[in-house]
Every structure is written in C-alpha cells, then in structure tokens.
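The numbering used here numbers the first residue of the sequence shown as 5 and each following residue consecutively. Glycine is no exception: its CB is placed at the ideal position from the N, C-alpha and C atoms. Presented below is the structure to which this report refers.
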Amino acid sequence: MMMMSKRVVVTAALQIVALVFLLIPLTQVTVAFTVQVPTNTNNNNNNIGPMPIQGQKYMQKQMQTNTNSCTQLQMVGDFFSGITGQAPKSLNVPFDILLSGTNIDPQNTNVDLDCVYKASRDGWSAIDFHTCCDGRGSGLVVVLSQSGKKFGGFNPLGWQSSDDYGNTNGAFLWYIKGGGGGGGNTVVKCPVLSGGNAAIFDYATGGPQFGSGDLVIGKPGAAVMGGFAGPDAEDISSSAGDLRKGSAYFGGAYSGPSFPVGGTFKVVEVEVYCNGNIKPLKSGGFNLWPF
C-alpha cells in the first residue's frame with residue numbers, strides 16, 4: 005500500500021509540473037495585452053503631437069511581444085488538441101501569406117474564401133471529403149496532426165473524383181515552422197518540382213493527395229487510375245480512405261528543406277478552403293474549372 009501511495013503522489017506531482025509549464029505562455033499573453041501604449045501629449049495646449057522615436061520603438065517592440073505571445077498561445081492550443089484528439093474550432097490559417105498571388109487570394113474582390121470541408125464537422129471518410137470539395141475549384145488543405153504540427157498543400161486544379169493525376173506548376177506544400185525570432189512562427193512553402201508532373205492525385209476513394217506520396221491524407225483502399233470509378237459509378241464506401249490517417253514521404257514531387265512529419269501519422273483535423281463563389285455543379289453538368 006505504501007508503494008502504491010508513493011506512485012500516486014509522484015504521478016500527481018508530474019501532472020502538476022506539466023500543467024504549470026503549459027500555462028506559462030498563457031500568463032505571458034495576459035501580461036502582454038495589459039501593457040498600455042504610451043502617447044505623447046503636449047501639456048501646454050493639450051494637443052497630441054507626433055510620437056517620438058522612443059515611443060515608436062516601444063510600440064513596435066510591444067506589438068512584436070503581443071504577436072509572439074499569441075503565437076505561443078496558439079501553439080499550446082495545437083499541442084492540447086493533439087494530446088486530447090479534440091479538434092479546435094479553428095486552425096487559424098495564415099491565408100494572407102499562403103494564398104497571396106493565387107486564384108483564391110482573399111484580397112481579390114471575386115473571392116469569398118469559405119471552409120467547404122472540415123473533417124470534425126462533415127465526416128472523416130474520403131466520400132465526405134469529395135462530397136464537400138468536388139467541383140469547388142482550387143483549394144487550400146490545412147492539416148493538424150496528433151503531434152501538434154500544422155501543414156497542408158495548395159491544389160490549383162481542384163477535385164473531381166477523376167481517379168487520375170494532374171500536372172500543374174501552381175501547387176505547393178506548406179507548413180508552420182516554430183522557433184522563429186522572439187519565439188514566433190514561420191510559414192514555409194515547398195514548391196512543386198519544375199514541370200509540375202503528377203503534382204496532384206485525385207482518387208475518388210481517397211482524400212487530398214500531393215504527389216504519389218509526398219503528402220497523403222486518407223489513403224484510398226482501392227483505386228483505378230484513369231478509370232470511371234467515381235462516386236456515381238458504384239458503391240465505393242467500403243474502400244474509402246480514412247482522413248484520420250496520413251503519410252508523408254517528402255521529396256518525390258515537391259522540394260524544400262524538410263517537412264514537419266514523415267512516414268505515417270495520425271490526424272486531429274483537416275480543413276479545406278475554396279472560393280465560396282464557385283458552386284459545385286449538379287450531376288450531369290459540365291464544369292470548365294479551372295479555365
């Protein structure tokens with residue numbers, strides 16, 4: 005009994021220590037946002053004049069502190085989501101960086117960026133994925149792994165359950181790299197290799213796939229390349245991929261310094277963002293996207 009009591013006490017103590025370390029970034033956030041920004045007031049006429057250089061530097065430094073603290077809070081949230089397996093309400097995607105210059109850049113007046121698929125909301129089967137994403141045009145895939153890593157890819161061709169692959173120079177993989185200046189994060193883009201050969205695979209029974217194996221979310225149980233095994237052709241639910249499972253063997257079709265995950269991994273959340281102004285056509289329609 006004495007040995008059991010000691011084990012319980014030690015386990016509880018370790019849990020408390022771990023919780024304290026995880027709460028440190030939260031405390032920093034509270035402190036950062038309670039700091040007041042000074043202003044320069046002329047006491048003679050009560051007019052507010054230009055802020056001196058010292059004040060400007062203080063503001064810049066404080067804004068950086070706030071940004072870094074928010075980033076730390078986000079990292080803690082991602083970490084907790086990975087441990088608990090509970091998907092967060094939002095993955096806080098840096099759209100302005102990732103989609104700048106693409107045909108779904110949210111800065112464009114004809115783009116209304118919309119989360120057309122969210123696995124925890126719409127279902128984890130590849131069938132659910134294609135039901136939500138097929139015919140919606142270009143899409144940004146966002147993945148949160150069980151290890152707390154955030155990454156994904158941009159598919160400019162969109163999805164049609166074609167059981168075929170597509171060539172494009174516009175595709176890329178991306179990930180969030182921690183440890184930037186002051187504790188911040190950096191967005192890293194991994195472009196497709198020159199020529200864009202086999203950049204996108206569009207399996208009717210699989211989730212988003214970049215290259216033959218660079219990044220696969222929801223590997224299909226069975227697929228027929230170049231065939232007509234789309235969702236309307238037969239019951240493919242038994243062979244549909246599970247988007248809770250992913251794999252990454254980076255370097256086949258995309259280039260970059262590294263990738264945050266390798267081999268097989270478990271997924272906590274998947275989101276896909278498309279232009280909400282592009283509506284999927286009904287069965288039997290004809291879609292010219294992306295032209």
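Presumed contact (8 Å Cβ cut-off) between residue i and residue j, rounded CB distance
i, j, result
"residue 149", "residue 274", "That pair is no contact at about 10 Å."
"residue 202", "residue 130", "Not really, about 19 Å apart at Cβ, beyond 8 Å."
"residue 195", "residue 176", "5 Å"
Spatial neighbours of residue i in its chain, beta-carbon cut-off 6 Å, leaving aside the 5 residues before and after
i, result
"residue 192", "179, 181"
"residue 126", "132, 136"
"residue 173", "200"
"residue 277", "117, 119, 144"
"residue 108", "115, 142, 279"
"residue 155", "147, 179, 264"
"residue 298", "The structure shown does not extend to residue 298, since the chain is modelled only from 5 through 295, so no value can be given for it."
"residue 58", "Summary for residue 58: the model assigns pLDDT 44, below 50, so the residue's position carries little reliability; its value from the coordinates is reported in the next sentence. Taken in chain order, the list of residues that qualify is empty."
Straight-line gap, residue i to residue j (C-alpha atoms, nearest Å)
i, j, result
"residue 279", "residue 204", "19 Å"
"residue 222", "residue 158", "17 Å"
"residue 128", "residue 207", "15 Å"
"residue 98", "residue 104", "10 Å"
"residue 241", "residue 268", "22 Å"
"residue 171", "residue 253", "19 Å"
"residue 147", "residue 285", "27 Å"
"residue 250", "residue 167", "19 Å"
"residue 189", "residue 160", "25 Å"
"residue 243", "residue 90", "26 Å"
"residue 220", "residue 245", "10 Å"
"residue 169", "residue 92", "32 Å"
"residue 102", "residue 110", "10 Å"
"residue 210", "residue 106", "25 Å"
Per-residue burial, residue i [other beta carbons within 10 Å of its own, 16 or more giving buried]
i, result
"residue 144", "buried"
"residue 282", "buried"
"residue 95", "buried"
"residue 212", "buried"
"residue 266", "exposed"
"residue 224", "buried"
"residue 261", "exposed"
"residue 100", "exposed"
"residue 216", "exposed"
Residues near residue i by beta carbon distance below 7 Å, same chain, minus five either side
i, result
"residue 114", "281"
"residue 112", "none"
"residue 123", "247, 273, 274"
"residue 197", "257, 258, 259"
is_contact[residue i, chain D] using C-beta, thresh 9 Å
i, result
"residue 268", "In the displayed structure, chain D is absent; only one protein chain is listed."
- Flag this pair as touching only if the segment 119 to 130 and the segment 151 to 163 have three or more C-beta atom pairs under 8 Å; answer yes or no. No, because fewer than three Cβ pairs between the segment 119 to 130 and the segment 151 to 163 fall closer than 8 Å, the two stretches do not touch.
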